[in-house]
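Undergrad:
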Amino acid sequence: MKDFGKILVYLCGVLVGGALLAPPLYWAAQGLLGAGWLLVLKKYAFQKYFNRSLLVSAVVLLWPLVRWLGVKGWVPPVFGRDSRGWVRLAGGFTLGAGAMAVLGGGYVWTGCYRLEGVPEWAVWAKALCTGMVVGLLEESLFRGAISGLIERGRGGAMALWATSGLFAIVHFLKPDPSIKVAAVGWTSGFELVPHMFHQFSQPLLLLGGFGTLLVFGLVLGLAAARTGSLWMSIGLHAGLVFVKVVFAKGTERVFEKWPWVGQELQIGLAPVLVLALVGAVVWGLGAGRSREGPARP
(Lines of atoms letter the chains of each structure in order from A and count residues from 1; the text may use other names and numbers.)
(Lines give C-alpha, C1' and ligand atoms only; values in the text may rest on other atoms or scores of the structure.)
Protein backbone atom coordinates (compact mmCIF):
# COMPACT_ATOMS: atom_id res chain seq x y z
CA MET A 1 0.00 0.00 0.00
CA LYS A 2 1.31 3.45 -0.92
CA ASP A 3 1.94 6.15 1.66
CA PHE A 4 -1.20 8.08 0.71
CA GLY A 5 -3.34 5.00 1.25
CA LYS A 6 -1.72 4.39 4.61
CA ILE A 7 -2.50 7.95 5.67
CA LEU A 8 -6.15 7.42 4.69
CA VAL A 9 -6.23 4.25 6.78
CA TYR A 10 -4.74 6.27 9.63
CA LEU A 11 -7.52 8.87 9.34
CA CYS A 12 -10.18 6.16 9.38
CA GLY A 13 -8.49 4.68 12.43
CA VAL A 14 -8.59 8.08 14.12
CA LEU A 15 -12.32 8.30 13.44
CA VAL A 16 -13.02 4.82 14.80
CA GLY A 17 -10.73 5.33 17.79
CA GLY A 18 -12.34 8.66 18.63
CA ALA A 19 -15.84 7.18 18.39
CA LEU A 20 -14.86 4.33 20.74
CA LEU A 21 -13.03 6.57 23.21
CA ALA A 22 -15.72 9.25 23.52
CA PRO A 23 -18.23 7.28 25.65
CA PRO A 24 -15.78 6.17 28.39
CA LEU A 25 -14.29 9.66 28.43
CA TYR A 26 -17.78 11.08 28.93
CA TRP A 27 -18.58 8.54 31.65
CA ALA A 28 -15.33 9.33 33.46
CA ALA A 29 -16.24 13.03 33.44
CA GLN A 30 -19.70 12.25 34.80
CA GLY A 31 -18.08 10.23 37.58
CA LEU A 32 -15.92 13.20 38.53
CA LEU A 33 -18.98 15.44 38.52
CA GLY A 34 -20.83 13.00 40.73
CA ALA A 35 -17.98 13.15 43.22
CA GLY A 36 -18.14 16.95 43.22
CA TRP A 37 -14.90 17.44 41.25
CA LEU A 38 -14.24 19.50 38.12
CA LEU A 39 -17.73 20.98 38.09
CA VAL A 40 -16.72 23.07 35.08
CA LEU A 41 -17.23 19.92 32.97
CA LYS A 42 -20.96 20.08 33.61
CA LYS A 43 -21.53 22.50 30.75
CA TYR A 44 -20.02 20.21 28.11
CA ALA A 45 -22.27 17.94 26.05
CA PHE A 46 -21.23 14.59 24.62
CA GLN A 47 -20.17 16.19 21.33
CA LYS A 48 -17.34 18.01 23.13
CA TYR A 49 -15.95 14.72 24.38
CA PHE A 50 -16.29 13.25 20.90
CA ASN A 51 -14.22 16.08 19.41
CA ARG A 52 -11.52 15.75 22.07
CA SER A 53 -11.45 11.97 21.64
CA LEU A 54 -10.65 12.41 17.96
CA LEU A 55 -7.63 14.54 18.87
CA VAL A 56 -6.42 12.00 21.43
CA SER A 57 -6.86 9.20 18.91
CA ALA A 58 -4.88 11.14 16.30
CA VAL A 59 -1.95 11.61 18.68
CA VAL A 60 -1.95 8.00 19.94
CA LEU A 61 -2.05 6.52 16.43
CA LEU A 62 0.65 8.83 15.05
CA TRP A 63 3.55 6.65 16.18
CA PRO A 64 2.10 3.43 14.65
CA LEU A 65 1.61 5.38 11.41
CA VAL A 66 5.24 6.45 11.39
CA ARG A 67 6.40 2.87 11.97
CA TRP A 68 4.05 1.57 9.26
CA LEU A 69 5.43 4.08 6.77
CA GLY A 70 8.92 2.84 7.52
CA VAL A 71 10.33 6.15 8.70
CA LYS A 72 13.47 5.44 10.72
CA GLY A 73 14.99 7.71 13.33
CA TRP A 74 11.87 9.86 13.48
CA VAL A 75 11.26 12.05 16.52
CA PRO A 76 8.34 14.43 17.09
CA PRO A 77 9.22 17.36 14.80
CA VAL A 78 8.74 20.00 17.46
CA PHE A 79 11.90 18.71 19.15
CA GLY A 80 14.02 19.43 16.09
CA ARG A 81 16.84 21.84 16.73
CA ASP A 82 16.29 25.51 15.96
CA SER A 83 18.50 28.12 17.58
CA ARG A 84 15.80 30.76 17.00
CA GLY A 85 12.90 28.56 18.05
CA TRP A 86 11.70 30.63 21.00
CA VAL A 87 11.97 33.84 19.00
CA ARG A 88 9.90 32.35 16.20
CA LEU A 89 7.36 30.98 18.66
CA ALA A 90 6.89 34.41 20.25
CA GLY A 91 6.86 36.16 16.89
CA GLY A 92 4.30 33.76 15.47
CA PHE A 93 2.06 34.12 18.51
CA THR A 94 2.24 37.91 18.37
CA LEU A 95 1.48 37.94 14.65
CA GLY A 96 -1.42 35.48 14.88
CA ALA A 97 -2.97 37.05 17.96
CA GLY A 98 -2.43 40.58 16.66
CA ALA A 99 -4.07 39.87 13.31
CA MET A 100 -7.11 38.27 14.94
CA ALA A 101 -7.35 41.11 17.48
CA VAL A 102 -7.42 43.66 14.66
CA LEU A 103 -10.10 41.60 12.90
CA GLY A 104 -12.15 41.38 16.10
CA GLY A 105 -11.77 45.11 16.67
CA GLY A 106 -13.05 45.73 13.17
CA TYR A 107 -16.09 43.58 13.86
CA VAL A 108 -16.88 45.57 17.01
CA TRP A 109 -16.30 48.89 15.25
CA THR A 110 -18.68 47.99 12.41
CA GLY A 111 -21.35 46.78 14.83
CA CYS A 112 -21.24 43.11 13.85
CA TYR A 113 -20.31 42.34 17.46
CA ARG A 114 -20.68 44.26 20.70
CA LEU A 115 -18.49 44.15 23.77
CA GLU A 116 -19.89 42.37 26.82
CA GLY A 117 -17.12 43.35 29.23
CA VAL A 118 -13.53 42.29 29.83
CA PRO A 119 -13.26 38.54 30.51
CA GLU A 120 -11.88 37.41 33.87
CA TRP A 121 -8.21 36.52 34.16
CA ALA A 122 -9.11 32.83 34.33
CA VAL A 123 -10.55 33.08 30.82
CA TRP A 124 -7.31 34.59 29.52
CA ALA A 125 -5.23 31.90 31.22
CA LYS A 126 -7.43 29.11 29.89
CA ALA A 127 -7.36 30.60 26.39
CA LEU A 128 -3.56 30.79 26.47
CA CYS A 129 -3.21 27.19 27.65
CA THR A 130 -5.73 25.99 25.08
CA GLY A 131 -3.96 27.83 22.29
CA MET A 132 -0.53 26.46 23.17
CA VAL A 133 -1.74 22.86 23.55
CA VAL A 134 -3.76 22.94 20.32
CA GLY A 135 -0.91 24.62 18.44
CA LEU A 136 1.67 22.14 19.69
CA LEU A 137 -0.39 19.01 18.99
CA GLU A 138 -1.91 20.00 15.66
CA GLU A 139 1.25 21.49 14.18
CA SER A 140 3.27 18.43 15.18
CA LEU A 141 0.64 16.27 13.48
CA PHE A 142 -0.19 18.25 10.33
CA ARG A 143 2.79 20.48 9.49
CA GLY A 144 5.26 18.09 11.10
CA ALA A 145 4.50 14.40 10.64
CA ILE A 146 1.92 14.30 7.82
CA SER A 147 3.46 17.11 5.76
CA GLY A 148 6.93 15.63 6.17
CA LEU A 149 5.76 12.20 5.09
CA ILE A 150 4.01 13.54 1.98
CA GLU A 151 6.98 15.75 1.14
CA ARG A 152 9.25 12.72 1.27
CA GLY A 153 7.49 11.14 -1.71
CA ARG A 154 5.68 13.97 -3.48
CA GLY A 155 7.65 17.16 -2.91
CA GLY A 156 7.12 20.34 -0.94
CA ALA A 157 4.33 21.89 -3.04
CA MET A 158 2.19 18.76 -2.90
CA ALA A 159 2.83 18.44 0.83
CA LEU A 160 1.75 22.05 1.42
CA TRP A 161 -1.52 21.80 -0.50
CA ALA A 162 -2.42 18.26 0.55
CA THR A 163 -1.77 18.91 4.23
CA SER A 164 -3.65 22.23 4.14
CA GLY A 165 -6.62 20.57 2.45
CA LEU A 166 -6.60 17.74 4.96
CA PHE A 167 -6.34 20.25 7.82
CA ALA A 168 -9.35 22.15 6.48
CA ILE A 169 -11.45 19.02 5.95
CA VAL A 170 -10.71 17.61 9.40
CA HIS A 171 -11.65 20.88 11.12
CA PHE A 172 -14.71 21.40 8.92
CA LEU A 173 -16.09 17.99 9.86
CA LYS A 174 -18.11 18.76 12.97
CA PRO A 175 -21.23 17.01 14.25
CA ASP A 176 -24.38 19.07 13.82
CA PRO A 177 -24.78 20.92 17.17
CA SER A 178 -28.55 20.47 16.95
CA ILE A 179 -28.10 16.70 17.31
CA LYS A 180 -28.51 15.70 20.95
CA VAL A 181 -27.43 12.37 22.41
CA ALA A 182 -30.07 11.47 24.98
CA ALA A 183 -28.40 8.42 26.51
CA VAL A 184 -24.70 7.84 25.94
CA GLY A 185 -23.81 4.25 25.05
CA TRP A 186 -20.91 2.48 23.39
CA THR A 187 -22.25 3.30 19.91
CA SER A 188 -23.01 6.98 20.60
CA GLY A 189 -19.76 8.13 18.98
CA PHE A 190 -20.57 6.27 15.77
CA GLU A 191 -24.06 7.81 15.76
CA LEU A 192 -22.47 11.26 15.44
CA VAL A 193 -20.25 10.32 12.49
CA PRO A 194 -22.92 10.72 9.74
CA HIS A 195 -23.73 14.19 11.08
CA MET A 196 -20.14 15.39 10.70
CA PHE A 197 -20.72 16.31 7.03
CA HIS A 198 -23.72 18.61 7.49
CA GLN A 199 -21.76 21.81 6.77
CA PHE A 200 -20.90 20.69 3.23
CA SER A 201 -24.57 21.16 2.29
CA GLN A 202 -24.37 24.91 3.02
CA PRO A 203 -22.59 26.72 0.14
CA LEU A 204 -21.96 29.99 1.98
CA LEU A 205 -20.60 28.19 5.04
CA LEU A 206 -18.47 26.05 2.75
CA LEU A 207 -17.05 29.22 1.19
CA GLY A 208 -16.51 31.17 4.40
CA GLY A 209 -15.66 28.35 6.79
CA PHE A 210 -13.76 25.86 4.68
CA GLY A 211 -12.05 28.64 2.74
CA THR A 212 -10.71 30.22 5.92
CA LEU A 213 -9.42 26.89 7.20
CA LEU A 214 -7.69 26.18 3.89
CA VAL A 215 -5.95 29.56 3.80
CA PHE A 216 -4.99 29.22 7.46
CA GLY A 217 -3.49 25.81 6.74
CA LEU A 218 -1.51 27.26 3.83
CA VAL A 219 -0.16 30.06 6.03
CA LEU A 220 0.88 27.59 8.74
CA GLY A 221 2.52 25.34 6.16
CA LEU A 222 4.30 28.32 4.65
CA ALA A 223 5.63 29.28 8.08
CA ALA A 224 7.02 25.79 8.62
CA ALA A 225 8.54 25.64 5.14
CA ARG A 226 10.11 29.10 5.26
CA THR A 227 11.68 28.68 8.69
CA GLY A 228 12.54 24.98 8.49
CA SER A 229 10.91 24.29 11.88
CA LEU A 230 7.50 24.28 13.52
CA TRP A 231 8.03 27.02 16.08
CA MET A 232 6.52 29.88 14.08
CA SER A 233 3.53 27.82 12.95
CA ILE A 234 2.88 26.70 16.54
CA GLY A 235 2.93 30.35 17.64
CA LEU A 236 0.61 31.44 14.83
CA HIS A 237 -1.84 28.66 15.60
CA ALA A 238 -1.75 29.34 19.33
CA GLY A 239 -2.24 33.08 18.83
CA LEU A 240 -5.32 32.62 16.67
CA VAL A 241 -6.93 30.16 19.11
CA PHE A 242 -6.08 32.43 22.05
CA VAL A 243 -7.84 35.48 20.60
CA LYS A 244 -10.73 33.37 19.30
CA VAL A 245 -11.49 32.05 22.80
CA VAL A 246 -11.15 35.45 24.50
CA PHE A 247 -13.21 37.19 21.80
CA ALA A 248 -16.00 34.63 22.13
CA LYS A 249 -16.17 35.20 25.89
CA GLY A 250 -16.00 39.00 25.76
CA THR A 251 -18.36 39.80 22.89
CA GLU A 252 -21.80 38.98 21.54
CA ARG A 253 -22.61 38.64 17.86
CA VAL A 254 -25.20 41.18 16.70
CA PHE A 255 -25.63 40.06 13.10
CA GLU A 256 -23.95 38.12 10.31
CA LYS A 257 -22.98 39.67 7.02
CA TRP A 258 -22.34 36.82 4.63
CA PRO A 259 -20.04 36.06 3.04
CA TRP A 260 -17.75 38.51 4.85
CA VAL A 261 -18.66 37.94 8.50
CA GLY A 262 -19.79 34.54 9.76
CA GLN A 263 -20.96 32.93 12.98
CA GLU A 264 -17.52 33.02 14.59
CA LEU A 265 -14.48 35.28 14.51
CA GLN A 266 -12.56 33.07 12.09
CA ILE A 267 -15.43 32.34 9.67
CA GLY A 268 -16.04 34.45 6.56
CA LEU A 269 -14.16 36.11 3.74
CA ALA A 270 -12.88 38.93 5.98
CA PRO A 271 -10.69 36.45 7.93
CA VAL A 272 -9.47 35.03 4.61
CA LEU A 273 -8.15 38.46 3.60
CA VAL A 274 -6.53 38.99 7.01
CA LEU A 275 -4.87 35.57 6.88
CA ALA A 276 -3.62 36.30 3.37
CA LEU A 277 -1.88 39.40 4.73
CA VAL A 278 -0.44 37.29 7.57
CA GLY A 279 0.88 34.89 4.94
CA ALA A 280 2.67 37.76 3.20
CA VAL A 281 4.29 38.77 6.48
CA VAL A 282 5.29 35.16 7.16
CA TRP A 283 6.94 35.00 3.75
CA GLY A 284 9.14 37.94 4.69
CA LEU A 285 9.84 36.98 8.30
CA GLY A 286 10.68 33.40 7.44
CA ALA A 287 13.36 34.22 4.91
CA GLY A 288 16.08 32.75 7.11
CA ARG A 289 15.69 28.98 7.56
CA SER A 290 16.96 27.21 10.63
CA ARG A 291 20.64 26.50 10.20
CA GLU A 292 20.23 23.20 12.00
CA GLY A 293 17.98 21.93 9.23
CA PRO A 294 14.27 21.25 9.08
CA ALA A 295 12.65 19.67 12.08
CA ARG A 296 10.58 17.31 9.97
CA PRO A 297 10.88 13.66 8.96
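Take any residue in the sequence shown, note its place counting from 1, add 39, and you have its number in my numbering. Where is the CB? At the ideal position from N, CA and C, for every residue including glycine.
Tell me where the alpha helix (DSSP H) around Leu142 begins and ends.
TA: 124-148
Undergrad: At the level of alpha carbons, what is the spacing between Arg91 and Gly156?
TA: 29 Å
Undergrad: Quick check: the stretch 295-310 against the stretch 139-151, are at least 3 beta-carbon pairs closer than 8 Å?
TA: yes
Undergrad: Compute the Euclidean distance between the alpha carbons of Asp121 and Ala264, then round it to the nearest angstrom.
TA: 13 Å
Undergrad: Pull up the distance between the alpha-carbon of Thr226 and that of Pro63, whole angstroms please.
TA: 11 Å
Undergrad: Going along the chain, which residues of its own chain have a beta-carbon closer than 7 Å to the beta-carbon of Thr169, five neighbours each way excluded?
TA: Cβ neighbours of Thr169 beyond the five flanking positions: Val280, Val284.
Undergrad: Let me check one thing: in DSSP terms, what residues is Tyr83 bridge-paired to?
TA: DSSP lists no partner for Tyr83.
Undergrad: So the candidates are Leu324, Gly301, Lys45, Ser179; which of them puts its Cα closest to the Cα of Cys151?
TA: Gly301
Undergrad: Taking the continuous alpha helix (DSSP H) assigned at Glu177, which residues delimit it?
TA: 160-178
Undergrad: By DSSP, does Arg330 sit in helix, in strand, or in coil?
TA: Reliability fails at Arg330, whose pLDDT of 42 lies under 50, so the model's placement of it is uncertain and the value that follows must be treated cautiously. Coil, per DSSP.
Undergrad: By the 10 Å Cβ neighbour count, where 16 or more other Cβ atoms means buried, how is Glu291 classified, buried or exposed?
TA: exposed
Undergrad: What is the DSSP secondary structure of Leu253, counted as helix, strand or coil?
TA: Helix, per DSSP.
Undergrad: Report back the beta-carbon spacing between Ser186 and Gly130 to the nearest angstrom; my notes put them in contact at under 8 Å.
TA: Between Gly130 and Ser186 the Cβ distance is about 21 Å, and since that is not below 8 Å, they are no contact.
Undergrad: What distance in whole Å lies between the Cβ atoms of Pro216 and Gln86, which are believed to be in contact at a cut-off of 8 Å?
TA: 7 Å
Undergrad: Between the alpha carbons of Arg330 and Gly137, how many angstroms are there, rounded?
TA: Note that Arg330 has pLDDT 42, beneath the 50 cutoff, so the model's placement of it is unreliable and no number is given.
Undergrad: For the beta strand (DSSP E) that Arg153 lies in, which residues bound it at each end?
TA: 152-154
Undergrad: With DSSP as the reference, label Thr202 as helix, strand or coil.
TA: In the structure shown, Thr202 sits in a helix (DSSP, three-state: H, G or I).
Undergrad: Tell me, please, which residues DSSP counts as bridged to Thr226.
TA: DSSP, once it has assigned bridges, lists no residue as partnering Thr226.
Undergrad: I need the straight-line Cα distance from Phe387 to Phe294, nearest angstrom please.
TA: Residue coverage of the chain in this structure runs from 40 to 336, which leaves residue 387 outside it and unanswerable.
Undergrad: From Phe229 to Gly289, what distance separates their C-alpha atoms?
TA: 35 Å
Undergrad: Any contact between the stretch 55-70 and the stretch 88-102? By contact I mean 3 or more CB pairs, one from each, below 8 Å.
TA: yes
Undergrad: Can the beta-carbon of Lys45 be found less than 7 Å from the beta-carbon of Trp107?
TA: Going by C-beta atoms, Lys45 is nearer than 7 Å to Trp107.
Undergrad: Considering only residues of the same chain and omitting the five flanking positions on each side of Cys51, which have a CB-CB separation below 6 Å?
TA: none
Undergrad: Checking 7 Å against the spacing of the C-beta atoms, do Gly174 and Ile273 come in under that value?
TA: Gly174 is a Cβ neighbour of Ile273, given a cutoff of 7 Å.
Undergrad: Sorted by chain position, which residues of the same chain lie with C-beta nearer than 8 Å to Leu199's C-beta, five sequence neighbours on each side aside?
TA: Ser186, Leu257, Gly260, Leu261, Ala264
Undergrad: Quick check on the DSSP output: the beta strand (DSSP E) that includes Arg292 runs from which residue to which?
TA: 290-292
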